[in-house]
Amino acid sequence: MLFDKIDPRQRAWVEVFPSAITQNTLAIKSLLSDSCLLMAVVKADGYGHGSETVASAALRGGADSLGVATLQEGIDLRKVGLICPILVLGNLVTSEELDICLKADLMPTISCIQQIKLCQKIAEANSTKFNVHIKIDTGMTRLGCDLAIASELIYLIDNLPNIILKGIYSHLALADGESDNYAEKFTSLQKTKFEKFISHVADRSHSCCIHLANSAGTFLGKELHFDMVRIGLALYGYSPLKKFQNNVFLQPALAVRAKVTLIRDVPSNVGVSYGHTFKTKSPSRLAVVGIGYADGVNRALSGKISVLIDGKFYPQVGSITMDQLVVDITENPHIKVGSVVTLLGPDGKACISPFQWSSISGSIPWEILCGFKYRLPRVVI
Ligand SMILES: *Cc1c(COP(=O)(O)O)cnc(C)c1O
Numbered sequence: 064m065l066f067d068k069i070d071p072r073q074r075a076w077v078e079v080f081p082s083a084i085t086q087n088t089l090a091i092k093s094l095l096s097d098s099c100l101l102m103a104v105v106k107a108d109g110y111g112h113g114s115e116t117v118a119s120a121a122l123r124g125g126a127d128s129l130g131v132a133t134l135q136e137g138i139d140l141r142k143v144g145l146i147c148p149i150l151v152l153g154n155l156v157t158s159e160e161l162d163i164c165l166k167a168d169l170m171p172t173i174s175c176i177q178q179i180k181l182c183q184k185i186a187e188a189n190s191t192k193f194n195v196h197i198k199i200d201t202g203m204t205r206l207g208c209d210l211a212i213a214s215e216l217i218y219l220i221d222n223l224p225n226i227i228l229k230g231i232y233s234h235l236a237l238a239d240g241e242s243d244n245y246a247e248k249f250t251s252l253q254k255t256k257f258e259k260f261i262s263h264v265a266d267r268s269h270s271c272c273i274h275l276a277n278s279a280g281t282f283l284g285k286e287l288h289f290d291m292v293r294i295g296l297a298l299y300g301y302s303p304l305k306k307f308q309n310n311v312f313l314q315p316a317l318a319v320r321a322k323v324t325l326i327r328d329v330p331s332n333v334g335v336s337y338g339h340t341f342k343t344k345s346p347s348r349l350a351v352v353g354i355g356y357a358d359g360v361n362r363a364l365s366g367k368i369s370v371l372i373d374g375k376f377y378p379q380v381g382s383i384t385m386d387q388l389v390v391d392i393t394e395n396p397h398i399k400v401g402s403v404v405t406l407l408g409p410d411g412k413a414c415i416s417p418f419q420w421s422s423i424s425g426s427i428p429w430e431i432l433c434g435f436k437y438r439l440p441r442v443v444i
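Quick note on numbering: the working numbering labels position 90 of the sequence shown as 153, and the sequence is numbered without any gaps.
See the structure below:
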């Protein structure tokens, strides 16, 4: 078919480097004790990198299990033949959802008594056992069971013959934020609450997997690792906090690239793009690039970012529009229509990190990485 031959790099695309994911997994594993497991968190289509690509690459690097946010994400991984343990980190509530969860051999996160009773009913109806993780809230105040009734929930499982308690976990609220006194104290408080709870139910918890840390918690230290760590951002090549950057060598696993579609030579004092927020100060050469905010290049970045062409930086000028943006290439007469522009990620020795974008747009690197839209084909390198 003629249409099947369209080059995914015709206009703009996301390059994904699975070998970087594998290397990052190995590097993170080197921080863990031998008995500590690593869950690769591949929710939101593998933070925008493509969940199957990322999951396979992380498993090659020695990840022991996968974490997803939704039922559909888990099913998609089963469909491509992955057979490792998969935990659904989001909340499943209806019996229909939990029934599919069981049949796809995914583990649900349980936050309340009603949910665990529903799981028992469904497993019994299917004459099988349901593997579950219980989540307890130690201060995130999102999913998880109140500490006050968490023991009741754990002990209830003794009377539910079709439930197997595979894990008990909690989630850190402040480990990856600004590390001020409050944050440090709060993380330590969460750890203490978690430990206290675990020791309280020691007779039930010794045979299941205890886990607390995300990427930031993992870098903070072994005392937060317990039996397993859940790694998202670091898997994709970025340390959540600058102070951890030297803990381990991480490689970016994604680059966003687009092509120059037109070159314009314009005189001085010419307004560029919507609103004329930028005017040329001298005669200039401008490159029109085929990528815009509909692809995930946030409009708030307009006129505040640089792009890379052949390893050198050029300023983006004027408003970023839905499908296109403009770059000032006056310095370099060799750039041509078809030249490749790197918006984010590595190009030669240079690299643009999602931290650079997030500090401008008031976002966070997590949101930047999972913000690239489906109009950008994923090209696996
Ligand atoms: C997303 C998520 C993680 C991974 O967090 P990172 O900061 O990206 O490492 C871990 N645990 C839970 C419960 C999550 O939802």
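Quick reminder that beta carbons are idealized off the backbone N, C-alpha and C, glycines included. Only a predicted model underlies this, so the values are computations on that prediction, with no experimental measurement involved.
Alpha helix (DSSP H) segment containing residue i, residue limits
i: LYS192; result: Careful: LYS192 lies outside any alpha helix (DSSP H) and carries neither H nor E.
i: ASP139; result: 134-142
i: ALA118; result: 114-123
i: PRO428; result: 428-432
i: TYR377; result: Here TYR377 belongs to no alpha helix (DSSP H); instead the beta strand (DSSP E) covers 375-380.
i: ASP162; result: 158-166
i: SER268; result: 265-268
i: ILE84; result: 81-92
i: ALA363; result: Element bounds for ALA363: n/a, residue is neither H nor E.
Option nearest residue i by Cα separation, candidates the options
i: GLU241; options: LEU219, ALA279, SER268, HIS274; result: ALA279
i: SER96; options: VAL105, SER128, THR281; result: THR281
i: VAL351; options: PRO315, LEU317, THR393, GLY374; result: THR393
i: GLY401; options: LYS184, ILE372, ILE185, VAL443; result: ILE372
i: GLY130; options: LYS285, GLY381, ALA276; result: ALA276
i: VAL403; options: LYS68, PHE66, VAL77; result: VAL77
i: ILE431; options: ALA107, LYS248, THR157, LEU313; result: ALA107
i: GLU187; options: LYS254, SER98, LEU223; result: LEU223
i: THR340; options: ILE173, PRO396, GLN379; result: GLN379
i: THR204; options: ILE185, MET170, PHE249; result: PHE249
i: ILE398; options: ASN332, VAL292, ARG327; result: ARG327
i: GLY202; options: LYS254, THR157, PHE307; result: LYS254
i: LYS344; options: LYS184, ILE415, SER336, ASN332; result: ASN332
i: LEU298; options: LYS68, ILE69, THR172, ALA83; result: ALA83
i: SER416; options: THR157, ALA265, GLY207, GLN308; result: GLN308
i: VAL104; options: ILE69, LEU140, ASN361; result: LEU140
i: ALA120; options: GLN135, LEU134, PHE376, MET102; result: MET102
i: VAL360; options: GLY338, ILE146, LEU439, PHE376; result: LEU439
i: LEU287; options: SER268, ARG267, GLU247, LEU325; result: GLU247
i: ILE423; options: ARG362, CYS271, ASP266; result: ARG362
i: THR384; options: LEU364, ASP266, LYS68; result: LEU364
Residue i, enclosing beta strand (DSSP E) - first and last residue
i: TYR232; result: 226-232
i: LEU445; result: Nothing about residue 445 can be reported from this structure: the residues present for the chain run from 64 to 444 only.
i: SER128; result: 128-131
i: PRO171; result: First-last for PRO171: undefined, no H or E at that position.
i: ILE326; result: 317-329
i: ALA350; result: 347-352
i: ALA103; result: 100-104
i: ILE273; result: 272-274
i: ILE423; result: Counting along the chain, ILE423 falls outside any beta strand (DSSP E), though it belongs to the alpha helix (DSSP H) covering 417-424.
i: SER369; result: 369-372
i: LEU439; result: Careful: LEU439 lies outside any beta strand (DSSP E) and carries neither H nor E.
i: LEU216; result: Looking at the DSSP string, LEU216 is not in any beta strand (DSSP E); the run it does join, the alpha helix (DSSP H), is 210-219.
i: LEU283; result: It is not in any beta strand (DSSP E) - LEU283 instead sits in the alpha helix (DSSP H) that spans 278-283.
i: MET291; result: 291-294
i: LEU150; result: 149-151
i: ASP391; result: 388-391
Cβ distance (whole Å) where residue i is taken to contact residue j below 8 Å
i: LEU100; j: ASP290; result: 6 Å
i: VAL79; j: VAL442; result: 7 Å
i: LEU150; j: SER128; result: 7 Å
i: ILE197; j: ILE231; result: 5 Å
i: GLY334; j: LYS322; result: Between LYS322 and GLY334 the Cβ distance is about 25 Å, and since that is not below 8 Å, they are no contact.
i: ALA167; j: GLY137; result: 6 Å
i: ILE199; j: SER233; result: 5 Å
i: ILE273; j: ILE91; result: At roughly 19 Å, the Cβ-Cβ gap does not stay under 8 Å, so ILE273 and ILE91 are not in contact.
i: LEU296; j: TRP429; result: 6 Å
i: PHE418; j: GLY111; result: Actually they are not in contact, since the Cβ atoms of PHE418 and GLY111 sit about 16 Å apart, beyond 8 Å.
i: THR330; j: PRO315; result: Contrary to the premise, residue 330 reads as Pro rather than Thr in this sequence. With a Cβ gap of about 39 Å, PRO330 and PRO315 do not count as contacting.
i: LYS256; j: LEU210; result: 7 Å
i: SER214; j: ILE185; result: Actually they are not in contact, since the Cβ atoms of SER214 and ILE185 sit about 24 Å apart, beyond 8 Å.
i: GLY338; j: SER382; result: 6 Å
i: LEU155; j: LEU134; result: 6 Å
Report task. Determine, using beta-carbon pairs with one atom in the region 349-363 and one in the region 381-391, whether at least three such pairs fall under 8 Å. Result -> yes
Requested in this report: Would you be able to state if there are at least three C-beta pairs under 8 Å between the region 79-97 and the region 115-124?
Outcome: yes
Query - Cβ contact (3+ pairs, closer than 8 Å) linking the region 220-231 and the region 187-198 - result: Between the region 220-231 and the region 187-198, the count of Cβ pairs shorter than 8 Å is three or higher; the stretches touch.
Query raised in the report: Got a list of residues with beta-carbon closer than 7 Å to any non-hydrogen atom of ligand 1, in chain order?
Result: Matched residues: VAL104, LYS106, GLY130, ALA132, LEU152, HIS234, ASP239, ASN277, SER278, ALA279, ARG293, ILE294, GLY295, LEU296, ALA297, PRO303, TRP429.
Query raised in the report: Should the region 214-223 be called in touch with the region 175-184, which here means at least 3 C-beta pairs below 8 Å?
Result: yes
Query raised in the report: Any contact of the region 302-314 with the region 99-118, i.e. 3+ C-beta pairs under 8 Å?
Result: no
Report task. Check whether the region 281-290 touches the region 407-420, counting contact only when three or more Cβ pairs, one atom from each stretch, lie closer than 8 Å. Result -> Fewer than three pairs of CB atoms, one per stretch, sit closer than 8 Å, so the region 281-290 makes no contact with the region 407-420.
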